[in-house]
Every structure is written in structure tokens, then in C-alpha cells.
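Engineer: The opening position of the sequence shown corresponds to residue 961 in this note's numbering, with each subsequent residue numbered one higher.
First the structure, which I've put down as C-alpha cells, then a few questions once you've had a look.
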Amino acid sequence: MNTVPQRRFDYEAYLSFVKELLVNNSTTGPDQSDFLVKFTALNLTRMQRIVKTFIFEEELQTIISQLKKRYLFIVITEAWCGDAAQILPIIYHIATANPTHIDLQLVLRDENPLFMDKYLTNGTRSIPKLIIYDLATAKEVVHWGPRPKQLQLYINDLKAKGLDKEEWIERVMLWYTKDKTITTQKELAELLDSME
């Protein structure tokens, strides 16, 4: 756990940080393009909506309530990332459902390249990434991300069909909307269940 970045945000501090960036027409990371700033604003709205409308799947809620050990959840993210906007609110709800056993902290990908590079997906710095540590042993237990397996297969198919990035991103966001967090919750339930 000594490699975990020092600069971390809890969820609420992260939201405040992102809002402050948007006031200054900026986002996280070195790329300050209008495109990414626009996505950051859209993502903030998405996150707020998902937090409000979130409904726990019973299996996930049960697993969270039965955790015995204490864990640190580190999520590698960036404000402009569409997948992160869909997944962070779910992880936030998991953490707040059992704050005695889960401490959620967020770190920025582009501030922490060495840490990020330990969790590459097919050689890329895809985010979000959830890394879970056992607080008693300070050892990494498991990591997950950047998105549900079913969605990753769908993206692979879209790319194979030759869709450009804007087109497949639009379809991915539609997939998340139709799925209503269910697939992500099921995967995270399996992940958490495997830890104890």
C-alpha cells in the first residue's frame, strides 16, 4: 500500500474539485481541450443523476453488509472519463453503505502514471480502475475495471465494425443508460464476494 498516491480525494471533495475546475473552464489532466471540458460538465451531471436514482441490487447490498474486514478502495479516475462518470457513483454507494468497512479514495490517473501503469488494460491506461486493499495487512486484495466485461465485449465488437471513437462512445453511454447500473453492480458483487 506504500505505492498508493499521497494526493487523494474522498468522493465529495472530488466533486467539489471538479466543480471548481469547471468554473474555470478546465478539467483534470494535461489536455484542456473544449471537448474534454464539455465531457467533464456532462459527466458531473451524469454522476449527480446516478447518485440520486441509484437502486441497490439485493445481492450486492447483502454482500456489502456482511463484510468483516476493513478495506481501502482506491479508484483511478479523471473528470472527463465517461466510464468513470457511470461507475464512480456506484462505488460511492457501495462505500457509503458500509463506511465502517470501506474507505473510498480517488486518485487522478495523469498525476500518477507509475501507479496507473501497474493496472494497464491491454497496454492502455483505461479508467476507472478500482484497487482494493485490506487495511489490516496493507496488501492489495483485488482490482477491477475499467468497465463491465459485457460492455467491453460490446466495445470490441463496435471497434471491429469500424465505428469511429465518437460513435462508439455514444453507443457506450446509451448502453449504460439502458443497463441502469445492473451489470456493474453484479460484477462488483462477485468481486466483493470473492474477497472474504
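No residue lacks a Cβ here, since even glycine has one placed at the ideal position from N, Cα and C.
Quick caveat, the model's predicted, so the values are computed rather than measured.
(1) How is Leu1080 classed by DSSP in three states: helix, strand or coil?
(2) For Ile1023 versus Thr1141, is the C-beta distance shorter than 9 Å?
(3) Taking the alpha helix (DSSP H) that Phe969 belongs to, which residues open and close that run?
(4) Count the other C-beta atoms from every protein chain shown that fall within 10 angstroms of the C-beta of Lys998, then say buried if there are 16 or more, exposed otherwise.
(5) Let me check understanding here. Comparing Cα to Cα, which of Met1155, Gln1112, Leu1032 and Leu1095 lies closest to Phe969?
(6) Return helix, strand or coil for Trp1040, following the three-state DSSP convention.
(7) Out of curiosity, what's the CA-to-CA distance linking Gln1008 and Pro1049?
(8) How many Å lie between Thr1084 and Ala1120 at the Cα?
(9) Could you work out which residue in Asp994, Glu1071 and Leu1004 is closest to Tyr971 when comparing CA atoms only?
(10) When you compare the stretch 980-994 with the stretch 1121-1139, are there three or more beta-carbon pairs, one atom per stretch, that lie closer than 8 Å?
(11) What is the DSSP secondary structure of Glu1100, reduced to helix, strand or coil?
(12) If you reduce the DSSP assignment to three classes, tell me which class Ile1034 lands in.
(13) If you follow the beta strand (DSSP E) that Leu1090 is part of, which residue opens it and which one closes it?
(14) Tell me, which residues are paired with Glu1062 by DSSP?
(15) When you compare only the Cα positions, how much space is there between Leu1117 and Met1133?
(16) Check the C-beta distance from Ile1036 over to Ile1087 and give it rounded, since I have them as a contact under 8 Å.
(17) Among Pro1108, Ile1129, Glu1156 and Tyr1136, which one has its Cα closest to the Cα of Lys1146?
Structural biologist: According to the structure shown:
(1) Note: Leu1080 maps to coil in three-state DSSP.
(2) Taking the C-beta atoms as reference points, Thr1141 is found no nearer than 9 Å to Ile1023.
(3) Going by DSSP, Phe969 is part of no alpha helix (DSSP H) at all; its letter is neither H nor E.
(4) Under this definition Lys998 is an exposed residue.
(5) Leu1032 is the residue among Met1155, Gln1112, Leu1032 and Leu1095 whose C-alpha sits nearest the C-alpha of Phe969.
(6) Looking at Trp1040 - three-state DSSP - the assignment turns out to be coil, as it is neither helix nor strand.
(7) For Gln1008 and Pro1049, the distance between alpha carbons rounds to 8 Å.
(8) Each residue's CA atom was taken as its position, placing Thr1084 and Ala1120 some 18 Å apart.
(9) Of Asp994, Glu1071 and Leu1004, the residue nearest in Cα terms is Leu1004.
(10) No: fewer than three Cβ pairs fall under 8 Å.
(11) Three-state DSSP puts Glu1100 in a strand.
(12) Reduced to three states, the DSSP call for Ile1034 is strand.
(13) Note, Leu1090: beta strand (DSSP E), Lys1089 to Asp1094.
(14) According to the sequence provided, residue 1062 is Ile. The question's Glu does not apply to it. DSSP lists Tyr1031 as partners of Ile1062.
(15) Residue 1117 is actually Asp in this sequence, not Leu. Roughly 15 Å between the two C-alpha positions.
(16) Contact holds; Cβ gap of about 5 Å.
(17) Taking only the C-alpha atoms, the option nearest Lys1146 is Pro1108.
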